[in-house]
Amino acid sequence: MISYKYLPHHLQRCFSYCAVFPKYHRYDQESLVHMWIAQDFVYSLDVRRRPEDIGIEYLNGLVDGGFLEKQSELSSLLIMHDLIHDLAQKVSLDESFTIENSDPRDIPLLVQHVSVITEREYKTETDGLVHPNEQFLEEFSNSVIKLRRRNLSTLMLFGPHDSDFANTFRQELSEVKSVRVLKLEMVFFELDALIDNISTFINLRHLELGCFYKGPRLELPEAICRLYHLQVLDVIKNWGVGTVLPRGMNKLVNLRHFIAEKELHTQIASIGKMVALQELKAFDVREESEFSISQLKGLNQLRGSMSISSLYHVWREEAAEARLCDKV
Numbered sequence: 001m002i003s004y005k006y007l008p009h010h011l012q013r014c015f016s017y018c019a020v021f022p023k024y025h026r027y028d029q030e031s032l033v034h035m036w037i038a039q040d041f042v043y044s045l046d047v048r049r050r051p052e053d054i055g056i057e058y059l060n061g062l063v064d065g066g067f068l069e070k071q072s073e074l075s076s077l078l079i080m081h082d083l084i085h086d087l088a089q090k091v092s093l094d095e096s097f098t099i100e101n102s103d104p105r106d107i108p109l110l111v112q113h114v115s116v117i118t119e120r121e122y123k124t125e126t127d128g129l130v131h132p133n134e135q136f137l138e139e140f141s142n143s144v145i146k147l148r149r150r151n152l153s154t155l156m157l158f159g160p161h162d163s164d165f166a167n168t169f170r171q172e173l174s175e176v177k178s179v180r181v182l183k184l185e186m187v188f189f190e191l192d193a194l195i196d197n198i199s200t201f202i203n204l205r206h207l208e209l210g211c212f213y214k215g216p217r218l219e220l221p222e223a224i225c226r227l228y229h230l231q232v233l234d235v236i237k238n239w240g241v242g243t244v245l246p247r248g249m250n251k252l253v254n255l256r257h258f259i260a261e262k263e264l265h266t267q268i269a270s271i272g273k274m275v276a277l278q279e280l281k282a283f284d285v286r287e288e289s290e291f292s293i294s295q296l297k298g299l300n301q302l303r304g305s306m307s308i309s310s311l312y313h314v315w316r317e318e319a320a321e322a323r324l325c326d327k328v
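Heads up, the sequence shown is in UniProt numbering, so the first residue is 1 and it goes up one at a time.
1. Of the choices Asp-164, Ile-145, Tyr-228 and Gln-89, whose alpha-carbon is the least far from that of Glu-175?
2. With three or more beta-carbon pairs closer than 8 Å as the criterion, would you say the stretch 251 to 271 touches the stretch 217 to 231?
3. By DSSP, does Glu-73 sit in helix, in strand, or in coil?
4. Taking the C-alpha atoms as reference points, what is the distance between Val-20 and Ile-79?
5. Work out the CA separation of Ser-270 and Ile-37 for me, nearest whole Å.
6. Relative to the C-alpha of Met-156, which residue among Glu-208, Ser-289, Phe-15 and Gly-304 is closest?
7. Can you give the Cα-Cα distance for His-93 and Asn-60, rounded to whole angstroms?
8. Within a Cβ cutoff of 7 Å, which residues of the same chain sit near Glu-100, ignoring the five residues on either side of it in sequence?
9. Select from Lys-262, Asn-133, Leu-152 and Glu-287 the residue whose C-alpha is nearest the C-alpha of Pro-160.
10. With 16 other CB atoms within 10 Å as the buried threshold, where does Ile-202 fall?
11. In this structure, what does DSSP give as the bridge partners for Val-114?
12. For Cys-211, write down the residues that DSSP places opposite it in a beta bridge.
13. In terms of residue numbering, what span does the alpha helix (DSSP H) encompassing Glu-262 cover?
14. Determine the extent of the beta strand (DSSP E) in which Ala-282 is found, giving its start and end residues.
15. Just to confirm before moving on: does the CB-CB distance between Gln-112 and Thr-154 stay below 8 Å?
16. Which same chain residues, not among the five before or five after Thr-266, have their C-beta less than 6 Å away from its C-beta?
17. With DSSP collapsed to three states, give me the class of Val-244.
18. Take Glu-222 and list the residues in its own chain whose beta-carbon comes closer than 8 Å to its own, dropping the five residues that flank it on each side.
19. Over what stretch of residues does the beta strand (DSSP E) that includes residue 337 continue unbroken?
20. With a 10 Å radius around its C-beta and 16 neighbouring C-beta atoms as the bar for buried, classify Ile-2 as buried or exposed.
21. Keeping to the same chain, check which residues put their C-beta closer than 8 Å to that of Gln-71; ignore five residues upstream and five downstream.
22. Residue range of the alpha helix (DSSP H) that Ile-84 falls in?
23. Who are the near neighbours of Asp-28 in its chain, counting only those whose CB is closer than 7 Å to its CB and skipping five residues on each side?
24. Which first and last residues belong to the beta strand (DSSP E) in which residue 357 is found?
25. How many Å lie between Lys-90 and Cys-18 at the Cα?
26. What is the rounded straight-line gap between the Cα of Ser-292 and the Cα of Arg-180?
27. Which of the three DSSP states is assigned to Ile-236 in this structure?
28. Starting from Phe-136, trace the alpha helix (DSSP H) both ways and give me its first and last residue.
29. Can you check whether the CB of Glu-279 is closer than 8 Å to the CB of Leu-296?
30. Would you mind working out which of Arg-13, Leu-32 and Arg-50 sits nearest Leu-277, comparing C-alpha positions?
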């Protein structure tokens, strides 16, 4: 194993960032690279290279050095030994902070990356009922008050929570505007219950939402469409095919990755405006111009596979105009 102090500076930053995740966390390779990019940890003098490709090289560097391990040969998940995670926490002591139990701790003055871990604090019944924990809620409230005017760049929430926690989370963190990465692993209520107005997070580049809300209708708020710097929107976790997307999704012109079920990809009207998209799982051609095959013409960053349905709506001239042969 390579010593941390001998790592290049860019790999040191990427490694220390892992401390914001819980110990024994399984890191998704793609998601971790996307977060590094959102934090401007990934760079190259060659503007022709995709940051995602460079980020994978960084990731492989940490794997080769023994700082991260593949969970299995065929898995895209990575794990970190608990002692290595302790090292990550040590070297990021001034930058990362975890709210994890009811024990009061001083928050570093220059903290940038914060995670709230409730997995051991709230008990959940099989029917989804979450039991309150007043002691943890009090300590959480005392901690987040100190974070109000900090220049936070990362905010993550792991684990279940009750409505009182959601209200406190929303009220106390409403002034945190500098966040670039927001990960809410388990959303138990409508998103507005946790985030009062998500469009105020004007610097947000990476938004990851896991849904455990059992309401009659799942929908993403229209306010997401005002996150003009957003590069990654990840709603793959339990946001099913019946989820309703906001109408203005095509305003996210800097979005590179929409990580969702393929049926949600087909909902986006006038997707041709989203010229930064790197992948599109599915496209359903319709008679309306907002869903015509010509919408694909300018999406020249697309990679991977894509299914196109309802081609009987397409004329030969329209197919030629879409220039599908130019897509990688």
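Note that the Cβ used here is the ideal one computed from N, Cα and C, for glycine as well. This one's a predicted model, so the numbers in the text were calculated from it and none came from an experiment.
So, from the data block:
1. Counting from one through the sequence shown, the residue named residue 175 turns up at place 175. Among Asp-164, Ile-145, Tyr-228 and Gln-89, the Cα nearest to that of Glu-175 is on Ile-145.
2. yes
3. Position 73 of the sequence shown, counted from the start, is the residue given in the question as residue 73. Looking at Glu-73 - three-state DSSP - the assignment turns out to be coil, as it is neither helix nor strand.
4. Walking along the sequence shown from the start, residue 20 turns up at place 20. Walking along the sequence shown from the start, residue 79 turns up at place 79. Taking the straight line from one Cα to the other gives about 14 Å.
5. Locating residue 37 in the sequence shown gives position 37, counting from the first residue. Locating residue 270 in the sequence shown gives position 270, counting from the first residue. Taking the straight line joining both Cα atoms gives about 27 Å.
6. Within the sequence shown, residue 156 is the residue found at index 156, counting from 1. The shortest Cα separation from Met-156 among Glu-208, Ser-289, Phe-15 and Gly-304 belongs to Glu-208.
7. Working through the sequence shown from its first residue, we reach residue 93 at position 93. Working through the sequence shown from its first residue, we reach residue 60 at position 60. The amino acid occupying residue 93 in the given sequence is Leu; His does not appear at that position. C-alpha separation (whole angstroms): 24 Å.
8. Along the sequence shown, one-based indexing puts residue 100 at 100. Ile-117.
9. As a first step, residue 160 must be located in the sequence shown, where it is residue number 160. When only C-alpha atoms are compared, the closest one is Asn-133.
10. Here residue 202 is taken as the residue at index 202 of the sequence shown, counted from 1. Answer is exposed; the Cβ neighbour count stays below 16.
11. The residue labelled residue 114 in the question sits at position 114 within the sequence shown. Phe-97 and Leu-155, per the DSSP bridge assignment.
12. Working through the sequence shown from its first residue, we reach residue 211 at position 211. Partner(s): Val-187.
13. What you label residue 262 is simply residue 262 of the sequence shown in a count that begins at 1. Per the sequence shown, the amino acid found at residue 262 is Lys instead of Glu. Taken as a continuous stretch (DSSP letters only), the alpha helix (DSSP H) holding Lys-262 covers 262 to 265.
14. Locating residue 282 in the sequence shown gives position 282, where the first residue counts as 1. 282 to 284 is the extent of the beta strand (DSSP E) around Ala-282.
15. Here residue 112 is taken as the residue at index 112 of the sequence shown, counted from 1. Here residue 154 is taken as the residue at index 154 of the sequence shown, counted from 1. Yes, the Cβ-Cβ distance between Gln-112 and Thr-154 is below 8 Å.
16. On the sequence shown, position 266 is the one that residue 266 refers to. Hits under 6 Å: Ala-282 and Asp-284.
17. Taking the first residue of the sequence shown as 1, we reach residue 244 at position 244. Looking at Val-244 - three-state DSSP - the assignment turns out to be strand.
18. Against the sequence shown, residue 222 aligns to sequence position 222. Result list for Glu-222: Pro-246, Arg-247 and Gly-248, in chain order.
19. Outside the displayed span of the chain (1 to 328) sits residue 337, for which this structure offers no information.
20. What you label residue 2 is simply residue 2 of the sequence shown in a count that begins at 1. Burial call: exposed.
21. Indexing the sequence shown from 1 puts residue 71 at position 71. Excluding residues within five positions, the ones whose Cβ falls inside 8 Å are Arg-26, Leu-77, Leu-78 and Ile-79.
22. In the sequence shown, residue 84 corresponds to position 84, counting from 1. Element bounds for Ile-84: 82 to 91.
23. What you label residue 28 is simply residue 28 of the sequence shown in a count that begins at 1. So the qualifying residues of the chain are Ser-76 and Leu-77.
24. Nothing can be reported for residue 357: it is not among the residues displayed for the chain, which extend from 1 to 328.
25. As a working note, residue 90 is residue 90 in the sequence shown. As a working note, residue 18 is residue 18 in the sequence shown. Straight-line Cα distance between these residues: approximately 11 Å.
26. Looking up residue 292 in the sequence shown gives position 292. Looking up residue 180 in the sequence shown gives position 180. Looking at the two C-alpha atoms, the distance is approximately 34 Å.
27. One-based indexing of the sequence shown puts residue 236 at position 236. It is a strand residue.
28. For the purposes of this step, residue 136 is taken as the residue at position 136 of the sequence shown. 134 to 145 is the extent of the alpha helix (DSSP H) around Phe-136.
29. Looking up residue 296 in the sequence shown gives position 296. Looking up residue 279 in the sequence shown gives position 279. No; because the gap between Cβ atoms is not below 8 Å, this pair is not in contact.
30. Residue 277 sits at position 277 when you count from the first residue of the sequence shown. The shortest C-alpha separation from Leu-277 is found at Arg-50.
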